[in-house]
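Trainee:
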Amino acid sequence: MARPLHVAVVLPSLSRKRGDYRPLALASDRFGNGVTVLLKSLVMNRQRPSIWPRATGFRKLFAGCVAIWLMIVGSPVAFAGQPLDPDTLPDMTIGLAGVPYYASALPFANVLLLESRGWRFADTGAQVPVSELDTNGFPVALAGRTVFAQPFQNNGLQPAYPVGRYTITWQGDGDVTIASANATLVEGSSALRRRVYVVSAASGSGLRIELTGANAPDHVHHVRVWAPDPADPQQQSLEPPAGTREQQIHPSYIEHLTETPGLFGVIRFMDWGSTNASPQVEWSHRRPPEHAFASGARTYKELITPGTTNSLGDIGVPYERMIETANAAGMDAWICIPHAASDDYVRNLARLFRYGSDQSGAVYTSPQADPYHPPLLGNLRLWVEHSNEIWSGGGAFPQGDWARAQAAALGIPYGEFNGRRAGEIWQIFNEVWRSESGRIIKPAGAFTGNPAYTRQWLDGNIAHDQASPTDTRANVLAVTTYFGQPLVAWAFNERLFMDADLTNPLTDAAILRGADYLLNELVLAGTATGGEREAATGGFGSSNRDLAVEYGLPLVAYEGNSSMYTESVGWYLLDAGDPDLVRIVSQGTPGSVFEFSLANYVAANFPDDTPGNPFDADRLTKFVSALNRHPAFASAYIAHLVLGKSLGLYTHGPFVDAAAWGKFGSWGHKEFQLQSIGYGPGQAAKWQALIDFQVLQSGVNEVGVGSMPTGIAPHMPDDQRLATVLAGQPIDLLIPTAPGDGVTTISMLAGSLPNGIAFSTDPTSAIRLVGTVAADTESRDHRFLVRSVDGDGDADYAVYSIRTVQAGELTQLFRFQLRDTPIGTSSILGIPDAPGIVSATIGAGPGVNNTTAFPFGFLVPGFDSPDLATAIQNEQYLSINMSVEPGYWVDVSNLTLSLGAQNARSFSAALVSDRTGGQVLATWQVNGEAQVEADLGGIVGLQGIACGLEFRVYIYNTTGNVFESFGFSNFGNSPEPEVAVYGSVALGLGCDGGGYDIFEFVSCLAGPGSSTAIGCEGYNLDCDGNIDLADFAVIQSCTNGG
């Protein structure tokens, strides 16, 4: 029986790989230097001081001293009184989807607001020119013509719209009707300026609202089309009772946002405000609250912002509707200021949210007893962000081009300009809100994939703050947490979408394989990247976390979700390395990935999927959508959210609430507003994942900047591979952990163990993994997420893995990193296996002296050995010694070694190995300083090594009268030395005097009929130049050494 693999993972010093950046919220440059230095010394090194884990009293005393110091020097916020307490930040915000006519949500009781295309002439379909509309978007002179609007047309709602009683009201001379076949007039007339219809069925063509007879001076205006009341849709509408104020937000929409109480704490209105490419500059450009429609480019004014190429003209939902929504939902509001908004615009916006506005939208400048449009409720906070992703540019993001132009005019980096402009905006809000300015959250919008830009932004913002009379410094750092886009490329090149049974997605093997890849190879492996394409666990890189620590800012997400769009599938062909695959999918120009057309590809390969609408019908898009609906996807999403928390993220930012899915992404956490929540067929799995994540994290303390442990926090070893195990082998792994206060609970939250291995904890709080790996377990890494939570909620997180390998299959490619490697130390790059399958050390012969002057180098005296023979005699060499764990063998025939020289006039070198009988494998002749490489080029004598080996580089024929420095390294773009490690078909026997087995596989150096074995001599192999099982088969009776 195979001997169990016993591993005890050594618990390192209590350094934190994810959390405990919490004291840095105090490390502000507003503090005295002494406090700053102390705090940075405690936290920036990412280590607690030696007394920190145990000295609870010290921690409380330290916090108390800081609090007393703050009271002495005063708060830096001029009007607020108290700075932001990060523990008051919510677990999640929710970004609302925009409200075009094809929206998948019904946010408004007045459904006319949902028409984003404006009024169109009934006879031609052309839009009514802006010049013929009043300030609120109603036609002023129709000259007998009829115009129409058509909300709900081709939208994503299911059903397309509510059925039941609709009430139309208006002011002015003319008539407004519903001209749809499924609508029956039951009461009202043009004379009453009110009509009531019963709509019997929903149709994809929407509701056609027609307006006739409108002429100045009293043209038709103030039109309302009130939806059925969900409480009694057949008998009443949402028309407000006489004498009461209108409630424009649909009650079902508020129920949708608050369906799970406490799930979201903030509503981000970026898309409602049509922030990207906003043309607004002056306050008069904004959409007034009485406007006919809530969004659209042509419905109000066509505006072009100076300094941009924008011609979209969309000015978004009236701010009064945003306030109404936040107040009704009881959530903070997060608004995005148009990038080119003037100071006057910003001041009016600050007044609107502070004091409200009258019916026409004129803002109040002081508190009102009964404001027509109320301000944000006093118990809610306002998040104020300058634009959205203003670091971007071009296309739909011209705000970035505008920012670059402004920065260039000032002669400063555009990141610095953006940080300064944000400070100017916050100063205006401070001046308006005064004693209430503590309710303002000031997010620094990070460029998640470019921390250098974010640093510019933060420094520019600090510079403004230092010159400002009020606190204009950001108080949160906002990043994105998108993940999963590499899965689309992988699924495409693996052709999973061709194999999937899309009629049975919950049990389909291809979809399950995709979900496993997402969790195991992307989320838990730390490469689940989104649009910023930065390798990151939790959706954002450690560089962003480090910036939050350095600048003392709590970390939040302004957006996040699975980022899986198939429109750009042509990019993925670059990953395939398969010219046949390129020819299959390319149209027009075979082999050209840049000529790829998704529509043509669908039509050519999947004609049954394109019944006149190939837009989102291709199988790849269907596969990705089915994957996003799967419960196994939800497990990966929850793990992603937890990992964000483990890295110090306070607040996730799911984007968006409800939106239809297609080739441009699966953004909606519901695909339509009324979708039920759960993991069953047709249910909203993403939304359910958010709920399950919040339940999972309930009672768990934050580990981000500004949060202190309640007591002694638990601790686990850092992320690592625990072992590499052959299929069929028993293991018993012990991972010691340090408990916190009270009862500490350790749980495996996500991922998988090899079949046959059980996860448990013992009374000492150690993690134990015990069992026998199933014989049919595939070769792969099994990653799993572990969380340790103590009795008062302090937590620690880690991701561990076990690699399983089938006998004879590739186990691991180890890369030797020889740069900066001191003599006598391991040179393995990456995470070594705990059993030490392969290890390597750097050495030097007696004729070479080590030096610290050259980090990876050694000194060789000048005028030394003139030739190789003398160098060998003088033992003038550098060496690499490698050992192999019993049960494995290695192939080093593709190893590439680099040699560097410093201050050399010229030198010669030769590479030899004990596994090739002293054969010279490579020689170098170098003149002057240089870096040279030796590619061993598949030398068969370096295959099948199980006994260990040594490389020596002999240095000779140096010139000059100074010491020369030499060393191994990998320079420029040269590959790192690579060693392939294989699992054995036999266990327990090596070059140890036991019987001959696969460990003694050696290479045939001569031709057929003559063999000379290197290492363990005397065996007749098949001499085909390959090390494989055929060599072992020809052995009948052999022993080590002959």
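Positions -13 to 1028 (our numbering) are the ones given, in order, by the sequence shown. All C-beta atoms in this analysis are idealised placements derived from N, C-alpha and C, irrespective of residue type, glycine included.
Compute the Euclidean distance between the alpha carbons of Q139 and P69, then round it to the nearest angstrom.
Mentor: Approximately 48 Å, taken between the alpha carbons.
Trainee: How big is the Cα-Cα spacing for E268 and T489?
Mentor: Straight-line Cα distance between these residues: approximately 53 Å.
Trainee: From what residue to what residue does the alpha helix (DSSP H) around T856 run?
Mentor: Looking at the DSSP string, the run of the alpha helix (DSSP H) that includes T856 is L854 to Q859.
Trainee: When you compare each of M734, D159 and M702 to G726 by their alpha carbons, which one comes out closest?
Mentor: Nearest of M734, D159 and M702 to G726, Cα basis: M702.
Trainee: Leaving out five residues on either side along the sequence, give the residues of the same chain with a beta carbon under 6 Å from the beta carbon of V23.
Mentor: With a pLDDT of 25 at V23, under the threshold of 50, the predicted position of this residue should be treated as unreliable, and no value is reported.
Trainee: Between which two residues does the alpha helix (DSSP H) harbouring R938 extend?
Mentor: R938 -> not in any alpha helix (DSSP H); beta strand (DSSP E) instead, spanning L935 to Y942.
Trainee: Where does Y331 sit, in a helix, a strand or coil, going by DSSP?
Mentor: Looking at Y331 - three-state DSSP - the assignment turns out to be helix.
Trainee: Could you pull the start and end residues of the beta strand (DSSP E) that Q706 belongs to?
Mentor: Where Q706 is concerned, the enclosing beta strand (DSSP E) stretches over Q706 to L712.
Trainee: Please identify the residue among S865, I788, P145 and D120 whose C-alpha is closest to the C-alpha of V759.
Mentor: Out of S865, I788, P145 and D120, I788 has the C-alpha closest to the C-alpha of V759.
Trainee: Distance check for F415 and P72, CA to CA, integer angstroms please.
Mentor: P72 and F415: Cα-Cα distance of roughly 21 Å.
Trainee: What are the boundary residues of the beta strand (DSSP E) that includes M734?
Mentor: Segment T731 to G737, the beta strand (DSSP E) holding M734.
Trainee: Given a cut-off of 8 Å on the beta-carbon distance, is the pair V97 and R151 in contact?
Mentor: No, they are not a contact pair.
Trainee: Please report the straight-line C-alpha distance between A453 and V465, rounded to a whole angstrom.
Mentor: For A453 and V465, the distance between alpha carbons rounds to 26 Å.
Trainee: What do you reckon, are the CB atoms on L82 and D748 nearer than 8 Å?
Mentor: Going by C-beta atoms, L82 is not nearer than 8 Å to D748.
Trainee: Between G282, R254 and N201, which has its C-alpha nearest P76's C-alpha?
Mentor: Among G282, R254 and N201, the Cα nearest to that of P76 belongs to R254.
Trainee: Work out the CA separation of R406 and D451 for me, nearest whole Å.
Mentor: One C-alpha to the other measures close to 8 Å.
Trainee: Can you tell me whether F17 is buried or exposed? The criterion is at least 16 other CB atoms within 10 Å of its CB, across all chains shown.
Mentor: For F17, the pLDDT reaches just 25, beneath the cut-off of 50, and the residue's location in the model is therefore unreliable, although a value from the coordinates is still provided. Buried, by the Cβ-count rule.
Trainee: Verify whether the separation of the beta carbon atoms of E306 and S343 is less than 8 Å.
Mentor: Taking 8 Å as the Cβ cut-off, E306 and S343 qualify as a contacting pair.
Trainee: Can at least three beta-carbon pairs, one atom from the region 84 to 103 and one from the region 196 to 216, be found at a separation below 8 Å?
Mentor: The region 84 to 103 vs the region 196 to 216: in contact.
Trainee: Looking at the structure shown, is D451 part of a helix, part of a strand, or coil, going by DSSP?
Mentor: D451: helix per DSSP, three-state reduction.
Trainee: Tell me which residue opens and which closes the alpha helix (DSSP H) that F679 is part of.
Mentor: Where F679 is concerned, the enclosing alpha helix (DSSP H) stretches over A671 to Q683.
Trainee: Rounded to the nearest angstrom, what separates T456 and W412 at their Cα positions?
Mentor: Near 9 Å, if we compare the C-alpha coordinates of W412 and T456.
Trainee: Does DSSP put T440 in a helix, a strand or coil?
Mentor: It is helical.
Trainee: Near M256, which residues of its chain fall below 7 Å by C-beta distance, leaving aside the five closest residues on each side in sequence?
Mentor: Within the same chain, M256 has close Cβ partners G81, C322 and N374.
Trainee: Select from R103, D502, D318 and N547 the residue whose C-alpha is nearest the C-alpha of N365.
Mentor: The candidate whose alpha carbon is nearest that of N365 is D318.
Trainee: Mapping the DSSP letters down to three states, classify S627 as helix, strand or coil.
Mentor: The amino acid occupying residue 627 in the given sequence is Leu; Ser does not appear at that position. In this structure, L627 counts as helix in the three-state DSSP scheme.
Trainee: Provide the residue span of the beta strand (DSSP E) that contains P429, from first to last.
Mentor: Unbroken beta strand (DSSP E) run through P429: P429 to G431.
Trainee: K656 by DSSP, collapsed to three states: which one?
Mentor: Three-state DSSP puts K656 in a strand.
Trainee: Would you say I376 and A395 are within 8 Å of each other, going by their C-beta atoms?
Mentor: Contact flag unset, no.
Trainee: For A622, I'd like the list of residues in its chain whose CB is within less than 7 Å of its CB, leaving aside the five on either flank, ordered along the chain.
Mentor: Hits under 7 Å: A501, L504, L505 and V509.
Trainee: Name, in chain order, the residues that DSSP records as bridge partners for V759.
Mentor: Answer is none; V759 lacks a bridge partner.
Trainee: Is it true that the CB of L143 sits closer than 8 Å to the CB of L92?
Mentor: Taking 8 Å as the Cβ cut-off, L92 and L143 qualify as a contacting pair.
Trainee: Helix, strand or coil for L98? Go by DSSP, reduced to three states.
Mentor: DSSP places L98 in helix when its eight states are reduced to three.
Trainee: For the alpha helix (DSSP H) that contains E417, what are its first and last residues?
Mentor: Segment Y400 to W419, the alpha helix (DSSP H) holding E417.
Trainee: Classify G500 as helix, strand or coil using the three-state DSSP reduction.
Mentor: G500 falls in the helix class under three-state DSSP.
Trainee: Per the DSSP calculation, G648 is bridged to which residue(s)?
Mentor: Per DSSP, G651.
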